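Numbered according to the working numbering, the sequence shown terminates at residue 180, and the numbering increases by one at each position without gaps. The beta carbon of each residue, even a glycine, is placed where N, CA and C say it ideally should be. Predicted model only: the values in this text are computed from it and were never measured.
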Amino acid sequence: MRYNIKGKNIDIGERTREKVSDKLDRIKKLFPEDAEATVKFEEQKLETIVEVTIHMGKRIIRAEARDKDMMAGVDKVVDILEGQIVKYKKRLRSKMRKDVSFKEEYESVKVSEETIDETPLYKIEKVKKFELRPMDSEEAVMQMELLGHDFFVFRNGETDIVNVVYKRKDGSFGLIEPEY
């Protein structure tokens with residue numbers, strides 16, 4: 001796995017880079033060899049935000065942790081990523097049973113079978129159906145705000161493709177457009 005370590009409002013020294021690489025090496029065996037990890041450190045007030053994004057083929061795994069101590073934040077992120085990859089492997093396992101096309105992806109994730117239990121990972125509690133009306137993104141944001149939701153699915157009036165607007169952590173809005 002390759003590491004790309006960056007800092008925002010903080011200088012990352014060579015010794016820190018080595019420590020971070022050593023901590024991430026703990027989970028390196030769980031990912032394909034060609035995976036690339038981007039580690040971002042951001043200093044905010046009295047805490048450090050550690051964000052790790054791992055690109056593995058067509059999948060992306062991301063984790064974020066906040067802590068006063070930078071290395072404690074890295075430890076938290078590594079624990080989160082380890083849990084996520086086990087859940088991911090479990091989902092692939094159940095999908096592989098239904099659809100053989102997931103077999104190659106399942107085998108590329110190197111989690112031992114003992115760490116995966118057989119209980120269902122996610123349970124869908126409610127299913128909603130609604131009409132996808134054509135509208136622009138501003139109207140979709142207005143609809144989302146009126147409903148008091150964090151996201152809103154709509155058909156883009158210009159492209160006639162399904163899009164999603166969502167509220168970001170900082171209070172701004174985002175738009176998700178599928179790429180074909």
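For this session: State the start and end residues of the unbroken beta strand (DSSP E) segment that holds Thr38.
Result: Position 38 of the sequence shown, counted from the first residue, corresponds to residue 38. Start and end: Glu36 to Gln44.
For this session: Going by DSSP, name the residue or residues bridged to Leu175.
Result: Against the sequence shown, residue 175 aligns to sequence position 175. Beta-bridge pairing links Leu175 to Val165.
For this session: Compare the beta carbon distance of Phe31 and Met1 with 9 Å and say whether it is the shorter of the two.
Result: Position 31 of the sequence shown holds residue 31. Position 1 of the sequence shown holds residue 1. A contact, by the Cβ cut-off of 9 Å.
Problem set entry | Reference Leu132, options Phe154, Ala140 and Asp150, closest by Cα | Position 132 of the sequence shown, counted from the start, is the residue given in the question as residue 132. Out of Phe154, Ala140 and Asp150, Phe154 has the C-alpha closest to the C-alpha of Leu132.
Exercise. Is Arg59 helix, strand or coil when you go by DSSP?
Worked result: In the sequence shown, counting from the first residue as 1, residue 59 sits at position 59. Here Arg59 sits in strand by DSSP.
Exercise. Rounded C-beta distance between Ala238 and Tyr3? I'm assuming under 8 Å.
Worked result: Because the chain spans 1 through 180 in this model, residue 238 falls outside it and cannot be assessed.
Exercise. Whose CA, out of Met70, Gly57 and Asp25, lies closest to the CA of Glu47?
Worked result: Counting from one through the sequence shown, the residue named residue 47 turns up at place 47. Minimum Cα distance to Glu47 is reached at Met70.
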